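Going by this note's numbering, 207 is the number at position 207 of the sequence shown; the sequence numbering is gapless. Right, one structure below, let's go through it.
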Amino acid sequence: LRGREFDTTVVVDTSSLSRIGTAAELLSGQEPDVVIDHHVTNTGFGALNFCDPSYAAVALIVHEIGKRLVKYDRELAELLLLGLATDTGFFKYGNVDAQVFEAAAELTRQGASIQPIASAVLEHRTPNTMRLLVEMLSTLQLEAGGQLAYAYVSADMLRRTGCSEEDTEGFVGELRAIHGVEVAVLFSEWPEGEVHVSLRSKSYADVSRVALAFGGGGHPRAAGCTLKVARLAAAIPPIVAAARRLLEGG
Numbered sequence: 001l002r003g004r005e006f007d008t009t010v011v012v013d014t015s016s017l018s019r020i021g022t023a024a025e026l027l028s029g030q031e032p033d034v035v036i037d038h039h040v041t042n043t044g045f046g047a048l049n050f051c052d053p054s055y056a057a058v059a060l061i062v063h064e065i066g067k068r069l070v071k072y073d074r075e076l077a078e079l080l081l082l083g084l085a086t087d088t089g090f091f092k093y094g095n096v097d098a099q100v101f102e103a104a105a106e107l108t109r110q111g112a113s114i115q116p117i118a119s120a121v122l123e124h125r126t127p128n129t130m131r132l133l134v135e136m137l138s139t140l141q142l143e144a145g146g147q148l149a150y151a152y153v154s155a156d157m158l159r160r161t162g163c164s165e166e167d168t169e170g171f172v173g174e175l176r177a178i179h180g181v182e183v184a185v186l187f188s189e190w191p192e193g194e195v196h197v198s199l200r201s202k203s204y205a206d207v208s209r210v211a212l213a214f215g216g217g218g219h220p221r222a223a224g225c226t227l228k229v230a231r232l233a234a235a236i237p238p239i240v241a242a243a244r245r246l247l248e249g250g
């Protein structure tokens, strides 16, 4: 796509320009024409910004706009239902409200089906991915009286299991699922001296505060940041300390 000219640029589900990585090069230094987002940490980096944190999913905002402009076919309805389902943890996050279920019902009436979406997203792990999950769980640590769980995936683990960084998708949810855990943190070692930090909370802790403190962003219950460090071990103590302070009300 490099070198091509575009009539309109649209960025969705992104709180700041730094979060879109190398895709920012396509903008040639210009601000995007339109930003559609629901992150409370959004910086308003577009020429026109549709940003409303009260929406549980960006797909919900797109649906509210789109249904007034175009007639849906089954494929479009299913893509929007995919966005709605994945952004709400398949309808189990605390921000899911009646509007979400009403939109899901509308999209289902347009021909969308949740079954192939759930199968593709939730039932796709390979044997190698499962081996990586086992290795990740072997690093599990619990602190703050069991309210904080954290673990890591190292570059060596990825090499041993033949996995990539993308294969860690959903791993942090396994940490949050532990009984008694309020905050879960997964550290993933990426190339070029980067450690990606995924933060999740269960009911009350605003993990976006931790992410923001380290140059990231996100939602109160799901956030993340990327640290440039020489070693994976260097990334863990400051994030864990910040998470402990969050749980202590700091």
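The beta-carbon is built from N, C-alpha and C at its ideal position, and this holds for glycine as well. Predicted, not measured: the structure shown is a model, and the values here were computed from it.
{"Query": "Inter-residue CB distance, Val207 and Pro220 (contact presumed, cutoff 8 Å)", "Result": "7 Å"}
{"Query": "Backbone CA spacing between Glu165 and Thr129 [nearest angstrom]", "Result": "10 Å"}
{"Query": "Leu60 and Leu84 closer than 8 Å at C-beta", "Result": "yes"}
{"Query": "Own chain, CB closer than 7 Å to Leu232, minus 5 neighbours either side, in chain order", "Result": "Tyr152, Ser154, Phe187, Glu189, Val195"}
{"Query": "Buried versus exposed, by CB contacts within 10 Å (16 or more), Gln141", "Result": "exposed"}
{"Query": "Residue nearest to Ser201 in terms of C-alpha spacing, selected from Ala213, Phe214, Gly218", "Result": "Gly218"}
{"Query": "Same chain only: Cβ atoms within 7 Å of Ala103, ignoring 5 sequence neighbours per side", "Result": "Leu60, His63, Leu84"}
{"Query": "Beta-carbon proximity of Ala77 to Gly111, cut-off 8 Å", "Result": "yes"}
{"Query": "Cut-off 8 Å between Cβ atoms - residues of its own chain near Leu107, not counting five sequence neighbours on either side", "Result": "His63, Tyr72, Ala77, Glu78, Leu80, Leu81, Leu84"}
{"Query": "Which of helix, strand or coil DSSP assigns to Leu148", "Result": "strand"}
{"Query": "Residue interval of the alpha helix (DSSP H) (run including Ser212)", "Result": "Here residue 212 is Leu; the residue named in the question, Ser, does not match the sequence. Taken as a continuous stretch (DSSP letters only), the alpha helix (DSSP H) holding Leu212 covers 208-213."}
{"Query": "Counterpart residues of Cys225 in DSSP-defined beta bridges", "Result": "Val197"}
{"Query": "Assumed close pair Pro53, Val40 - CB separation to whole angstroms, cut-off 8 Å", "Result": "4 Å"}
{"Query": "Beta-carbon spacing of Arg245, Glu143 below 8 Å", "Result": "no"}
{"Query": "CA nearest to the CA of Val34, picked from Asn42, Val229, Ala47", "Result": "Ala47"}
{"Query": "Burial state of His38 (16 or more Cβ within 10 Å)", "Result": "buried"}
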